[in-house]
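Have a look at the structure below before the remarks.
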Amino acid sequence: MKHGRVVLGWAVLTVTPNAGGCVIRWHEEARLRGTPGLASLLVDRVVAAGFGRLVDGLLARRVEVG
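Okay, so the sequence shown: first residue is 40 according to the numbering used here, each after it adds one.
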């Protein structure tokens, strides 16, 4: 959970092994403190797109463990 002065929200990252490696799922909600309804939805979409690009970039790098 994020309870900052400006940004509020939460994120869940789930990693599930499969035959080819793993499946990673990211779900998050973020909003700006004091941002009402529709504006809050817009902020959530922008933040989700930014984190989505970040996670995609990290996943594009193949990492061998073990």
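By construction, the Cβ of each residue, glycine as well, lies at the ideal position given by its N, Cα and C atoms.
For this session: Starting from GLY73, follow the alpha helix (DSSP H) in both directions and report where the run begins and ends.
Result: It is not in any alpha helix (DSSP H) - GLY73 carries neither H nor E in the DSSP assignment.
Exercise. At which residues does the beta strand (DSSP E) containing VAL51 begin and terminate?
Worked result: 46-57
Exercise. Considering only C-alpha positions, which residue in the set LEU47, LEU77 and ILE63 is nearest to VAL54?
Worked result: ILE63
Problem set entry | Residues of its chain near TRP49, where Cβ-Cβ distance is below 7 Å and the 5 sequence neighbours each way are ignored | MET40, LYS41, GLU67 and GLU68
Exercise. How would you label ARG70, buried or exposed, when you count the other beta carbons within 10 angstroms and need 16 or more for buried?
Worked result: buried
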